[in-house]
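Protein chains: 2
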Amino acid sequence: MTTALPPTLDDRLPRYQQLRDLFAAAVADGRWRPGEAIPPEDSLAATHEVAVGTVRKALAVLVAEGMLERRQGRGTFVRRGSFGNALARFFRMTDAKGRPMRPVSRILSRQVLPASAEVAEHLGVADGAPIIALTRLRLVDGAPLLFEEVHLPRDPFALLMDLPFAEFGDLLYPLYETACGKVVASARETIRFGMPPAAAAAALGIDAGVPTAIIDRVAFGFDQAPLEFRRSYGPAERFSYSIDIR
Amino acid sequence: MTTALPPTLDDRLPRYQQLRDLFAAAVADGRWRPGEAIPPEDSLAATHEVAVGTVRKALAVLVAEGMLERRQGRGTFVRRGSFGNALARFFRMTDAKGRPMRPVSRILSRQVLPASAEVAEHLGVADGAPIIALTRLRLVDGAPLLFEEVHLPRDPFALLMDLPFAEFGDLLYPLYETACGKVVASARETIRFGMPPAAAAAALGIDAGVPTAIIDRVAFGFDQAPLEFRRSYGPAERFSYSIDIR
DNA sequence: TAGTGGTCTAGACCACCGT
DNA sequence: CGGTGGTCTAGACCACTAG
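Chain order of the listed sequences is A and B. Be aware that the first sequence starts at 1, since it is given in the numbering used here, and climbs by one per residue. Be aware that the second sequence starts at 1, since it is given in the numbering used here, and climbs by one per residue.
Listed below in structure tokens is the structure:
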């Protein structure tokens, strides 16, 4: 199910807000694709019968929301998912001599399961709905650093069940985009400390009594619908998180 | 008294950017004070000899940066520091029955010290420069939850050395504003996990071997200058941090 | 009612980019 | 060079707030 697109534009809203909703819908339903340029300002103004300044204001809102990107002299583009390697935000990624280390990912398991209550809650699906469950190990310099449980609604991600593990690559979000047409636009992360479950401890090669950082992440698409729920475990003593607060 | 305007206004910058810098300087040096309204748009446009639209664009930038706040029909206002109780972002603040708990603060010690290399680095002052060092305990339901080491440059905060502990209140940032005229506008936090120093363990009433969440925070003013460096310790098992990522 | 910010328009010129 | 977004202007009308 897709989030209800507003078939009726609210005339009480300012015109630039109505335009914003129109443009956001075009991105959310794929008429405007990530990485591609949208029509020029004056063309949009003409087709929607408003002044260019009103289009500019609507686009400015979308740029502020992170959905669009403007490049002077080239055009306005739909932003690609750009979380890059979020792992680097979490864990110290340099070795003893301060050299950066390159992370590698390995898929450990893949199956379709009915959603648990917790997973269903995070993904906004019905209890027991079919879910793709991946476990994944991320290594640095050949040593395990992070164990991840990834949960995806089967519906738009079914293609991942047929993909050989070797073709998953080191990052999942670009794969979601290229293989399933889903772009991760934002996320909510919750961090806590606790003891790892047996599977995580085993995969990481640590004792079940070693404290671990536990990061829950729900990733959302441009339409604010949940796309992925991920729980990651890593040794607490290597954990470090930095954030700017406005 | 009229403060000297910033001697370097870059004519190569767009006019709205020059205006932004002018207005930001007015806030940073206190000519426009937190909570107060700034002059109306058309007045600003007249005194700076630009169109109202250009003033509006400059103000929009400052609103996006969090420095100003617009209220339709009333005016444009300098924002007050509004971190509220940042403690609530970090630790579970509800009791076993889910009722919210009210935090209380108690100052434990206060002295002037030469800045260590680490503190000097964070505060952007010279090594060994005089620093006000506070230690502080934050309690919930009468039980210690967080131990904090607060470091301030003595220069603008000297008044705090004469204030009775009883008058510090539960939050420091409003005190910085009312007593010292310094507004905290943003901050950078770094979270990690480790063992508490002896003083922290003693104040929290825990064993020095109990795992602890360690939060370093550098707080900045509107002019991006560091105002405070704070290191907080709390029991890891009560720690939980949630953040939205764009 | 008077004053404020919010919205919208129409048009001019500038700066950047690829060909 | 032609096309794009970036900046700036001038003016009109609307919506909200306070007295």
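Using N, Cα and C, we set each Cβ at its ideal position, and we do this for glycine too.
query	result
In chain order, each beta strand (DSSP E) run of at least 3 residues that lies wholly inside the region 15-64 of chain A	none
Whole-number beta carbon distance between A:Ala219 and A:Ala187, since they are thought to touch under 8 Å	5 Å
Coarse secondary structure for B:Val119, derived from DSSP in three states	helix
Members of the region 180-211 of chain B near chain A, C-beta cut-off 9 Å	Ala185, Ser186, Ala187, Arg188, Glu189, Thr190, Ile191, Arg192, Phe193, Gly194, Pro211
Whole-angstrom C-beta distance between B:Ile131 and B:Ala143, which should lie under 8 Å	B:Ala143 to B:Ile131, Cβ: 30 Å. No contact.
DSSP beta-bridge partners of A:Leu113	A:Ile131
Proximity to A:Asp223 [Cα-Cα], best of A:Leu152, A:Asp207, A:Glu41, A:Glu65	A:Glu65
Residue interval of the beta strand (DSSP E) (run including A:Arg71)	68-71
Spatial distance of B:Tyr147 from B:Ala24 (CA atoms)	Looking at the sequence itself, residue 147 of chain B is Phe, so the reference to Tyr does not match. In a straight line, the C-alpha of B:Phe147 is about 35 Å away from that of B:Ala24.
Contacts around B:Glu228, its chain only, beta-carbon distance under 6 Å, and the 5 residues preceding and following it disregarded	Leu152, Ala219
Member of B:Pro164, B:Ser43, B:Pro156, B:Met67 whose CA lies at the smallest distance from the CA of B:Arg106	B:Pro164
Cβ neighbour criterion (16 or more within 10 Å) applied to A:Leu204	buried
Whether B:Leu145 touches B:Arg238 by CB criterion (9 Å)	yes
Members of the region 147-178 of chain B that neighbour chain A once the beta carbon cut-off is set at 9 Å	none
Separation of A:His48 from A:Asp42, as counted between CA atoms	10 Å
At least three beta-carbon pairs within less than 8 Å, the region 49-60 of chain B to the region 18-37 of chain B	yes
Among B:Leu44, B:Val183, B:Gln72, B:Asp155, nearest to B:Val112 - alpha-carbon criterion	B:Asp155
Identity of the residues DSSP links to A:Ala187 by a beta bridge	A:Ala219, B:Ile245
Cβ-based neighbour list, B:Arg217, same chain, cut-off 6 Å, excluding 5 preceding and 5 following	Ala187, Glu189, Arg230
Cβ-based neighbour list, B:Pro211, same chain, cut-off 6 Å, excluding 5 preceding and 5 following	Ala236
Residues sharing a beta bridge with A:Thr76, DSSP	A:Arg70
Three-state secondary structure (DSSP) of B:Pro174	helix
Residues near A:Leu281 in its chain [Cβ-Cβ closer than 7 Å; skip 5 each side]	One cannot answer for residue 281 of chain A here, as it falls past the ends of chain A, which runs 1 to 246.
A:Pro197 in three-state terms, based on DSSP	coil
Interface residues of chain B facing A:Asp244 [CB-CB closer than 9 Å]	Ser186, Ala187, Arg188, Glu189
Proximal chain A residues relative to B:Phe239, where beta-carbon distance stays under 7 Å	Arg192, Phe193
Where A:Pro103 sits in the DSSP three-state scheme	strand
CA-to-CA distance, A:Ala133 to A:Val119, given in whole angstroms	10 Å
Short Cβ contact (9 Å threshold) for A:Gly221 with A:Lys182	yes
Nearest to B:Leu171 (by Cα), restricted to the options B:Gly81, B:Val55, B:Arg31	B:Gly81
According to DSSP, residues forming a beta bridge with A:Ile214	A:Arg192, A:Tyr233
A:Leu163 in three-state terms, based on DSSP	coil
Cβ-based neighbour list, A:Ser109, same chain, cut-off 6 Å, excluding 5 preceding and 5 following	Thr135
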